[in-house]
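What follows is a single structure, written as structure tokens, with notes after it.
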Amino acid sequence: MTHPWIEVEQKFVPRPGIEDRLKELGGTQESQVSFRDSYYDTPELTLMKTDHWLRHREGSGWELKCPGAGGNTGSHTKYIELTAEAAIAARLCERLGTAGLGTESVSEMLGRLKLQEVASFVTERSVWKLALSGAGDEEEPLTVDLDTADFGYAVGEVEALVREEAEVPKALEKIHSLSSLLGVSQQEQTPGKLIVYLKRFRPQDYQRLLEVATGKNDEQQGSATIEN
Ligand code: V4E
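To convert a position in the sequence shown, counted from 1, into this note's numbering, add 1179.
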């Protein structure tokens, strides 16, 4: 079986003129896309509290982000991204302590696992590709996504997808190099769209995640890094 992708990324606040800077650095705009993400969890936020993020992305289907080995600390994050329904279903059953029925699709298991929609929003995304000079021709270029969510929040991310844990340090090095060329500090910790959505529209849920992330909750099990 192919390994799932490991997504290594750093988010940042896009400053005015970011597109010009990307062009200056040799970047090219690959596409402009729009999609709706709907996130699901139990009423107790069992998944999010342990840094698992289940969503349905319009046009792509079900996706589950799980923490990579070593957890997530500091300005960058590292997640394993499951997109095969059977793998997502198996991980959901494991996290939620229930047996899999084998043939169930993710949509079919939502009711049984008490998974309900906690957020839904549309993102307009401008996708850029950029190969750092000095990197070999065979090197995968980095991706820079410039996102604007329909609730009025803009965020950028510099991202690399790798197959093996051993490739993560090099990916991080490249991400840090490009980030600093874009004027993004390595210390910059910019919240993603979902976290800002929860803070604005589901403040009680946001508070519960914050309590887990800051260790104020006895049931703490996860390594979520939510900012106040
Ligand atoms: C992993 C995660 C969340 C799920 C959404 O992930 P995100 O990378 O924000 O999605 P998106 O749409 O911007 O990018 P794509 O998947 O298309 O590349 S919501 C929160 N997290 C974890 C997390 C965290 N706990 N703390 C910080 C600082 N960042 C992320």
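Backbone N, C-alpha and C define an ideal beta-carbon position, used for all residues, glycine too.
- Counting along the chain, where does the alpha helix (DSSP H) carrying Gln1386 start and finish? 1382-1392
- Message: Quick check on Glu1398: does DSSP put it in helix, strand or coil?
- Response: Because the pLDDT at Glu1398 is just 45, under 50, the model does not fix this residue reliably, and the point stays unresolved.
- Query: Quick one: is the Cβ of Trp1232 within less than 6 Å of any heavy atom of the ligand HEM?
  - Reply: The ligand HEM is not part of the structure shown, which contains the ligand V4E as its ligands.
- Query: Given that a residue counts as buried once 16 or more other Cβ atoms are within 10 Å of its Cβ, and exposed if not, what is Thr1393?
  - Reply: exposed
- Item | Bounding residues of the alpha helix (DSSP H) (the contiguous stretch that carries His1235) | Here His1235 belongs to no alpha helix (DSSP H); instead the beta strand (DSSP E) covers 1232-1236.
- Message: Going by beta-carbon coordinates alone, are Pro1193 and Ala1333 separated by less than 7 Å?
- Response: yes
- Item | Of the listed residues Val1285, Gly1276, Ala1278, nearest to Leu1261 (C-alpha basis) | Val1285
- List the whole-angstrom C-beta distance separating Pro1348 from Ile1259, where the pair is believed to meet the contact cut-off of C-beta under 8 Å. With a Cβ gap of about 16 Å, Pro1348 and Ile1259 do not count as contacting.
- Measuring CB to CB, does Glu1303 end up less than 7 Å from Thr1322? no
- Message: I'd like the span of the alpha helix (DSSP H) that includes Ala1266, first residue to last.
- Response: 1264-1274
- Leu1292 lies in the alpha helix (DSSP H); which residues open and close that run? Where Leu1292 is concerned, there is no enclosing alpha helix (DSSP H), given that its DSSP letter is neither H nor E.
- Return yes when the C-beta of Thr1256 is under 6 Å from any heavy atom of the ligand V4E, and no when it is not. yes
- Item | Per-residue DSSP class, three states only, for Val1337 | strand
- Item | Any non-hydrogen atom of the ligand V4E within 6 Å of Gly1371 CB | yes
- Message: Can you tell me whether Glu1260 is helix, strand or coil according to DSSP?
- Response: strand
- Task: Could you tell me which of Tyr1218, Met1227, Thr1256 sits nearest to Trp1241, measuring between CA atoms?
- Result: Tyr1218
- Item | Nearest-angstrom Cβ-Cβ length linking Ile1267 and Leu1243, presumed shorter than 8 Å | 5 Å
- Would you identify the three-state DSSP class for Ala1278, choosing helix, strand or coil? coil
- Query: With a CB to CB cut of under 7 Å and the five nearest residues on each side skipped, what residues in its chain are close to Gly1196?
  - Reply: none
- Message: Quick check on Gln1295: buried or exposed, where buried means 16 or more other Cβ atoms within 10 Å of its Cβ?
- Response: exposed
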